Structures are given as structure tokens and as C-alpha cells.
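This report refers to the structure that appears directly beneath it.
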């Protein structure tokens with residue numbers, strides 16, 4: 736249960752960072768602060784549900800694109816999160832592509848690196 740909570744917290748934090756970075760570097764990516772928390776939660780839930788679903792569909796029908804599953808699920812989660820009013824707005828297809836890449840890279844690095852940091856702290860606590 737604790738592992739699930741840590742993974743959920745890491746997902747929420749990395750999505751928040753990814754959305755913030757995208758809004759800072761992409762002029763056509765806008766965050767309305769009133770709906771920012773809703774966008775984070777919707778994006779995280781959509782990504783958690785869509786990732787395995789898209790993976791299974793691709794595995795059955797198009798195994799050549801399995802490597803791009805993270806990008807596809809990030810794009811679809813971003814699309815779903817943008818449908819909720821008062822959260823995020825994205826203008827132009829170039830911004831959609833760059834936002835997808837930015838958020839995917841940040842969430843991928845975060846979900847890979849942050850558990851290592853937490854485990855390192857846990858190992859230090861056990862050794863002490």
C-alpha cells in the first residue's frame with residue numbers, strides 16, 4: 736500500500752512539473768491556475784488508465800509501435816486533461832507535439848529517478 740501511495744505521489748509531482756515546464760517553455764501552452772490541480776489529477780488518472788490499455792492494444796495489433804506507448808498515452812492524457820475547463824489550453828499542433836514530448840520526458844525521468852532517491856534515503860535509514 737505504501738509503495739502504491741509513493742508511486743501515486745511521484746506521478747502527481749512529475750505531472751505537475753511537466754505541465755509547469757511545458758507552460759514555461761511553450762508560448763502556446765497555457766495553464767489557468769484555478770484548474771491546475773484538476774488538470775494534474777485528470778492527467779495522472781488518464782495516464783494510469785490509458786498506459787496499460789494502449790500497451791495491450793498495440794501489443795495485439797501493432798507490436799512495432801510498443802516503444803511509443805508512453806508518448807501516445809501522454810498525448811491522449813493531455814488531450815483529456817485539456818477538455819476540462821479552467822485547466823490547460825494548448826494552441827497549435829506544434830505545441831501539442833512539443834508539450835507531449837516535454838511532459839513525457841519529465842514524467843519518464845521522474846518515475847525513473849525519484850524512486851531511486853526515495854530508496855536511497857530508506858537504505859540510509861536502515862543502515863543507521
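Residue numbers (the numbering used here): 736 to 863.
C-beta atoms are modelled at their ideal positions from N, C-alpha and C, and glycine is treated no differently.
The structure displayed is predicted, hence computed values, not measured ones.
Given this structure, state the Cα-to-Cα distance separating residue 759 from residue 769, to the nearest angstrom. Counting only the Cα atoms, residue 769 lies some 17 Å from residue 759.
Residue 788 burial status per 10 Å Cβ neighbour count (16 or more: buried): Exposed is the call here.
With DSSP collapsed to three states, give me the class of residue 764. In the structure shown, residue 764 sits in a strand (DSSP, three-state: E or B).
What residue does the alpha helix (DSSP H) around residue 805 start on, and which one ends it? Note, residue 805: alpha helix (DSSP H), 804-818.
Buried or exposed by the 16-neighbour rule on C-beta atoms within 10 Å, applied to residue 829: Exposed, because fewer than 16 other Cβ atoms sit within 10 Å of the Cβ of residue 829.
Which same chain residues end up closer than 7 Å to residue 757 when comparing Cβ atoms and leaving out the 5 residues on each side of it in sequence? Cβ neighbours of residue 757 beyond the five flanking positions: 764, 834, 837 and 838.
Among 746, 791 and 740, nearest to residue 848 - alpha-carbon criterion: Measuring from the Cα of residue 848, the nearest candidate turns out to be 746.
Assuming residue 783 and residue 754 are in contact, meaning their beta carbons sit under 8 Å apart, how far apart are those beta carbons, in whole angstroms? Residue 783 to residue 754, Cβ: 16 Å. No contact.
By how many angstroms is the C-alpha of residue 739 removed from the C-alpha of residue 804? Their backbone Cα atoms lie some 22 Å apart in a straight line.
Short Cβ contact (9 Å threshold) for residue 767 with residue 827: Not in contact: residue 767 and residue 827 (Cβ atoms no closer than 9 Å).
For residue 823, the residue or residues it bridges with in DSSP: Residue 823 pairs with 766.
Could you give the distance in angstroms between the alpha-carbon of residue 761 and the alpha-carbon of residue 778? Their backbone Cα atoms lie some 18 Å apart in a straight line.
Buried or exposed (CB count within 10 angstroms, at least 16 for buried), residue 842: Counting Cβ neighbours within 10 Å, residue 842 comes out buried, since at least 16 surround it.
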